[in-house]
Amino acid sequence: MSADPAVVAAALDRHWPDASCELFARDAWELLVAAILSARATDTQVNKVMAVLNERLVGPAAYAVLAPRELVKPLRSLPLYPQKARAVVEAARAVLRRHNGQVPRQRAALATLPGVGPKTAAVVVGNAFAVPAIAADTHVMRLSHRLGWANREHPREAETALVDRFPPERWVKLCHQLIRCGREFCRRQNPRCAGCPLALTCPRQGLQRAGSIPTSTVPS
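Sequential numbering of the sequence shown, starting at 325, is according to the numbering used here.
Below is the structure:
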C-alpha cells in the first residue's frame, strides 16, 4: 500500500502553495556556501552565519584567498564547523580553478566540488538555476518512506521514488513542500499524524509497526 501521488500533490499545494528554499542567498555562489553549511544545521542557524559572511566576503574569489582557519570563528555556531570551513575554501578554489569563477550549472560538475554531495548539488541547480532535481534531505527521505514510496529512508531510493511519480517541473517545489510537512507534522519522533494534511492517503509505513504513534491519533 502506498499514497496516491495525485492526492499528495493536491494536499501539499493546498497547505504549502508558496514553499521555497529557506536558505538566504543572493546568487548561486552564496547558495552553494549555504548548502555546504547546512549539513546537520537548521536553515535559521545557517542564515545567521551567512548574514555575517556576506558583510565581508563576496564571491568565490574572496573565499579562495582565505586559510580555512579564518572561517572557523564565524562558523563556530554550526555543527562540524572545522570541516565546513575547509570545504567552503576548497570549493571556492575549485570553482575558480575549474570553472573560471562561475558555479557550474550541471549537477554532476557540482558534485565533484569539495564538500558537495548529491543533495547539495541538487539544492544549487534546482534553486539557483531552475534545473529539475530532487534534493533528498532527511525530511524528503522520511516522507518518501512513510508514504510507502520507498522501502527505506535512503537518498537514492527517495529520489527514484519521487522521479517515478512526479513530473520534473514539480521536483524542486515538491521537495520544499515535503520539507515543510516533515518539519511541521511528519517528525521523526512523535509525528502529528492527526493534523497532517496527508493523513487520509498516507499508509504510515514503518510507524504502526514500530509503535511510534498510538492508534487513537490515526484518522479513520
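Cβ coordinates follow ideal geometry from the N, Cα and C atoms, glycine included.
Alpha helix (DSSP H) segment containing residue i, residue limits
i, result
"TRP353", "352–361"
"ALA333", "329–339"
"VAL382", "Per DSSP, VAL382 belongs to no alpha helix (DSSP H) and is neither H nor E."
Straight-line Cα distance separating residue j from residue i
i, j, result
"ARG507", "GLN426", "33 Å"
"GLU441", "LYS397", "Position check: residue 441 holds Gly in this sequence, whereas Glu was assumed. Using only the alpha carbons, I get a separation of about 24 Å."
"VAL419", "LEU524", "46 Å"
"PRO479", "ASP461", "7 Å"
"LYS497", "ALA415", "26 Å"
"ASP328", "PRO384", "44 Å"
"ARG429", "LEU437", "12 Å"
"ARG489", "ASN514", "27 Å"
"TRP495", "ALA333", "11 Å"
"MET374", "ARG350", "11 Å"
"THR541", "ARG511", "Interpretation of THR541 is limited by its pLDDT of 32, a score under 50 that renders its predicted location unreliable; no figure is taken from the coordinates."
"HIS423", "VAL376", "26 Å"
"PRO543", "HIS500", "Note that PRO543 scores 27 on pLDDT, short of 50, meaning its location in the model is unreliable and no value can be drawn from it."
"ALA352", "PHE453", "8 Å"
"ASN371", "ARG431", "23 Å"
"GLU354", "ALA386", "12 Å"
"ASN435", "ALA409", "Reading the sequence as shown, one finds Ala at residue 435 and not Asn. Whole-angstrom Cα-Cα distance: 18 Å."
"SER401", "LEU347", "16 Å"
Beta-carbon spacing of residue i, residue j below 7 Å
i, j, result
"ASN451", "CYS517", "no"
"ILE458", "LEU486", "yes"
"VAL464", "ALA482", "yes"
"ALA433", "PRO403", "no"
"PRO456", "PRO492", "yes"
"VAL413", "LEU390", "yes"
"ALA474", "GLY439", "no"
"VAL448", "ALA358", "no"
Short CB-CB distance (under 7 Å) between residue i and chain D
i, result
"MET325", "Here there is only one protein chain, and chain D is not present."
The ligand GDP heavy atom lying under 6 Å from the CB of residue i
i, result
"GLU483", "With respect to small molecules bound, the structure shown includes none, and the ligand GDP cannot be examined in it."
Task: Unbroken stretches of the beta strand (DSSP E), 3 residues or longer, contained in the stretch 454–501 - done: none
Open item on the list: As an exercise, report each continuous alpha helix (DSSP H) stretch of at least 4 residues that is fully enclosed by the stretch 389–443, in chain order.
Closed with: List check, alpha helix (DSSP H) in window: 393–399, 405–423, 431–434.
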